[in-house]
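Student: Protein chains in written order, with our numbering: chain V, 1 to 226; chain G, 227 to 452; chain B, 453 to 678; chain A, 679 to 904.
Glycine residues also receive a C-beta, built at the ideal position from the N, C-alpha and C atoms.
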DNA sequence: AATGAATGAGTCTTCATTCAT
DNA sequence: GATGAATGAAGACTCATTCAT
């Protein structure tokens, strides 16, 4: 049964990946980069067409509109942006604190791998009006919240985490601190005098530091008794 | 003595008021709101003119361009968006931890009071290209970083805070968590089932919760020995 | 009786000169320079106000409109732009060829002294639509034509100039050659490798060369029998 | 042999036609007319679009900007506006004076055929600031100057033209007189009482008169010994 | 299936002019 | 008499999208 689900799930992923042909993916990736850097409104379809090396008309042709291209991108990327913790949660060989550490590394891995998409999300979550995209962001947040809640409650039940933890704020510390680091990494560079470090190396460094920092923070917050 | 203070204060206000006349402030405030909601590129000068109930041409007339309006806004708001901790830092009657608590409340107060401006800043800090605005954001960040660093080092020297604290990441936790709460407050609402709470009440609640949460977090992080 | 007329005429001149106060003249002179360099449409009233160091609204205030300012300028300058040959024509001590030489020097003097105004006229004479300004240009041209015609006919009657001379084209040679030199003097500079010569010196040189050249040309054309 | 020439010619036409498509030429021709009549700044792209019966956006679409349209026009027209005298210069069957006559007729032909373009050039040569267009005008002038200089020097060597001729001013007489006639032809009309003559006839007349006049003038100037 | 050409609606900005003071 | 503030109209240009092929 479990296997079946897994397979179905993989299939779904397969389906979705197949759903978009090469050209479409090519466009979405170019758009993603530009939306991240300049915002949605600040990016013209002309920019995207040029960056993707495709004909201008192709974007409307394939996606219908700029708006729908954005939605497609969320559909495409959103899937694997959600935390995948189900099996971790059920794993009886891991202590609650170990699970938290997995969660942190999992999250850091995702956010750094999809930096552009993350920036777009960070921008989009600010708009107050509701749309298919804000809807999807909400679902993602809610899902992540449930998982983290479950995880922490496990630790509390095990007596390893203290009571009265503000889980929604703790989640925001995880996402907010990471987001801050990713979206404002050129400031991080300057403040820490790392102007000359190559991008990859900097990224590695940031991930490392962030992982250590957040693990320690969570441990402290989850166990420290004022 | 009291009169003197009052006068000085009035004078400061006077200065600021003189720097930008009523109409200019009116425009900046309308723009601030719109930029926060829809982004800079997503907001037309027509939108701003309508929201500010002024003639379309007045925006160019007063600020020269949409871009310069944004810069003026940063000039106008930026001043009082920096943390004002100098006197707190030198205050010998406060323990390091009390100073941290002041810092946190000061920060929360500011970010909630200027939510719109904060959102704009959060957006602008994502753009990679350098501009007068990104420059100003950097200066603000650096200043805030210096203050927090000084504050924490005081605590470390006093033996009350542990060594090896990643101060730049700790700052990002402060700003990132708060930012997350402010920019994504409608998600906070939904996740915590507070859909029907009036805005003011919600805000009060969030500030309260955030204050308690962050104070506890800082205490934990600054003193907890893994 | 003749004296009276002269006086009336002088009075008219007096009147006209007085007609415009200092500020108005200041504005007209600034406008003249700019219109010459950038054309009428290419010059904004803002440009003029700045160049004349007067308030923007003053231009409309004093002249009614940009158009009317131009007309006033033509009124103001036009007077002394016409050739003043009446007394020369009647002077019995001068030979026809001497009169022609006077005409040439008179014309050169005028066009170089009022270069800016000349450029404006050169531009305005191209527009096909009729206006008070084109009307005034026509009157000036016609007057000049009459004078030159009279002058040449005197020489023909005296048997010193040959018959069948195309007077209207000869006039165009006078005006056209001079105009070409004045309007395209930076090309003259380059072609003759005079880039480093100071403006005043160049002007002197051009006037001298042009005078010699045109006098010789007129002599040749008026007397040469193919 | 004839066929070859025809083919080459067709090819040249082909090239030129291909360089700018029909719509572009249509726009350029409408613009040319308007720029000639009202000046560059005095003509709006809206005017041009209407005159060319094309959509307003097509001007930016095809040329990028109004400025670039002007440049394209210069590129397009400029080519065949230069004098084509090389073969005439080397022709040993023509006497120097015959070559001068050819030059004059060639010039008159060109300037009357491209009156509008000529007017634009006459306007543009007045602006003092340097631009791609003034640059092109200078090149054209310089080239024409070289050709005329060569031509006259041939005559001088042959002992048929007198020495010390101011060639740059002589060129200005050619261009200036012609220009005057073309740009101010409605004044020519009025002065010579030709108001009722049909345009084509007037043009023919003016070309004829100008040709005779200039040939005689050149002969006189080039051979007359004061 | 894919695209070059085209466009109506919109962008920001500048214009000459007016008006209350 | 003079002007700072204000504005409707127009400026050039860019936008996302459509459509014939």
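How big is the Cα-Cα spacing for residue 391 of chain G and residue 448 of chain G?
Tutor: One Cα belongs to residue 391 of chain G, the other to residue 448 of chain G, and the distance between them is close to 7 angstroms.
Student: Taking the alpha helix (DSSP H) that residue 129 of chain V falls in, what are its first and last residues?
Tutor: Neither: residue 129 of chain V is in no alpha helix (DSSP H) and is coded neither H nor E.
Student: With a cut-off of 9 angstroms, does the C-beta of residue 773 of chain A fall near any C-beta of chain B?
Tutor: no
Student: Once the 5 residues before and after residue 885 of chain A are set aside, which same chain residues still bring their CB inside 6 angstroms of it?
Tutor: 786 and 790
Student: Is any heavy atom in the ligand MN found nearer than 8 angstroms to the beta carbon of residue 450 of chain G?
Tutor: Within the structure as shown, the ligand MN is missing, as the structure has no ligands at all.
Student: Suppose the cutoff is 6 angstroms on Cβ atoms and the five residues either side in sequence are ignored; what does the same chain contact list for residue 96 of chain V look like?
Tutor: Hits under 6 angstroms: 154, 155, 158 and 160.
Student: When you compare each of V/69, V/104 and V/91 to residue 176 of chain V by their alpha carbons, which one comes out closest?
Tutor: V/104
Student: How would you label residue 615 of chain B, buried or exposed, when you count the other beta carbons within 10 angstroms and need 16 or more for buried?
Tutor: exposed
Student: Residue 705 of chain A and residue 727 of chain A: beta carbons closer than 9 angstroms?
Tutor: yes
Student: Between G/374, G/264, G/437 and G/293, which has its C-alpha nearest residue 316 of chain G's C-alpha?
Tutor: G/374
Student: For residue 512 of chain B, report the span of its alpha helix (DSSP H) as first-last.
Tutor: Unbroken alpha helix (DSSP H) run through residue 512 of chain B: 508-515.
Student: Measuring CA to CA, which of G/278, G/318 and G/306 is closest to residue 336 of chain G?
Tutor: G/306
Student: Using a beta-carbon distance below 9 angstroms, is residue 594 of chain B in contact with chain A?
Tutor: yes
Student: So which residues on chain A does residue 527 of chain B lean against when the C-beta distance must stay under 7 angstroms?
Tutor: What residue 527 of chain B touches in chain A: nothing, since even the nearest Cβ is about 19 angstroms away.
Student: Taking all protein chains shown into account, do 16 or more other C-beta atoms lie within 10 angstroms of the C-beta of residue 93 of chain V, making it buried, or fewer, making it exposed?
Tutor: Residue 93 of chain V comes out exposed.
Student: Going by C-alpha distance, which of B/639, B/578 and B/602 is nearest residue 715 of chain A?
Tutor: For residue 715 of chain A, the nearest C-alpha among the options comes from B/578.
Student: Judging by CA-CA distance, which residue of G/398, G/416, G/421 and G/417 is the nearest neighbour of residue 440 of chain G?
Tutor: G/398
Student: Would you call residue 731 of chain A buried or exposed, if buried means 16 or more other Cβ atoms sit within 10 Å of its Cβ?
Tutor: Under this definition residue 731 of chain A is an exposed residue.
Student: If you follow the alpha helix (DSSP H) that residue 385 of chain G is in, where does it begin and where does it stop?
Tutor: It is not in any alpha helix (DSSP H) - residue 385 of chain G carries neither H nor E in the DSSP assignment.
Student: Around the C-beta of residue 668 of chain B, are 16 or more other C-beta atoms found within 10 angstroms, so that it is buried, or is it exposed?
Tutor: Note on residue 668 of chain B: 16 or more other CB atoms within 10 angstroms of its CB, so buried under the neighbour-count rule.
Student: What's the gap between the Cα of residue 662 of chain B and the Cα of residue 602 of chain B?
Tutor: 23 angstroms
Student: Name the chain A residues whose beta carbon is nearer than 8 angstroms to that of residue 676 of chain B?
Tutor: 894, 897, 898, 901 and 902
Student: Starting from the Cα of residue 538 of chain B, find the closest Cα among B/513, B/588, B/597 and B/571 and give me that residue.
Tutor: B/597
Student: Please check if any C-beta of chain G sits within less than 9 angstroms of the C-beta of residue 197 of chain V.
Tutor: no
Student: Identify which residue in G/272, G/268 and G/288 has its Cα closest to the Cα of residue 251 of chain G.
Tutor: G/288
Student: By the 8 angstroms beta-carbon criterion, what residues does the segment 408-432 of chain G contribute toward chain V?
Tutor: 409, 410, 412, 413, 414, 416, 417 and 418
Student: Decide if the segment 187-207 of chain V is in contact with the segment 412-429 of chain G; the criterion is three or more beta carbon pairs, one per stretch, under 8 angstroms apart.
Tutor: Taking a cut-off of 8 angstroms on C-beta distances, the segment 187-207 of chain V does not touch the segment 412-429 of chain G, as fewer than three cross pairs fall below it.
Student: Just the C-alpha distance for residue 743 of chain A and residue 410 of chain G, rounded to the nearest angstrom, thanks.
Tutor: Spanning the alpha carbons of residue 743 of chain A and residue 410 of chain G requires a straight line of approximately 43 angstroms.
Student: Would you identify the three-state DSSP class for residue 225 of chain V, choosing helix, strand or coil?
Tutor: coil
Student: What residue from B/491, B/540, B/521 and B/487 has the CA that sits closest to residue 584 of chain B's CA?
Tutor: B/521
Student: Name the two residues that bound the continuous alpha helix (DSSP H) containing residue 635 of chain B.
Tutor: 619-635
Student: Confirm, please, whether the CB-CB distance from residue 75 of chain V to residue 136 of chain V is below 9 angstroms.
Tutor: yes
Student: Spatial neighbours of residue 310 of chain G within its chain, please: C-beta separation below 8 angstroms, excluding the five flanking residues on both sides.
Tutor: 332
Student: Quick one: list the residues of chain G neighbouring residue 123 of chain V, beta-carbon separation under 8 angstroms, in chain order.
Tutor: At a beta-carbon threshold of 8 angstroms, the residues of chain G lying near residue 123 of chain V are 265, 349 and 352, ordered along the chain.
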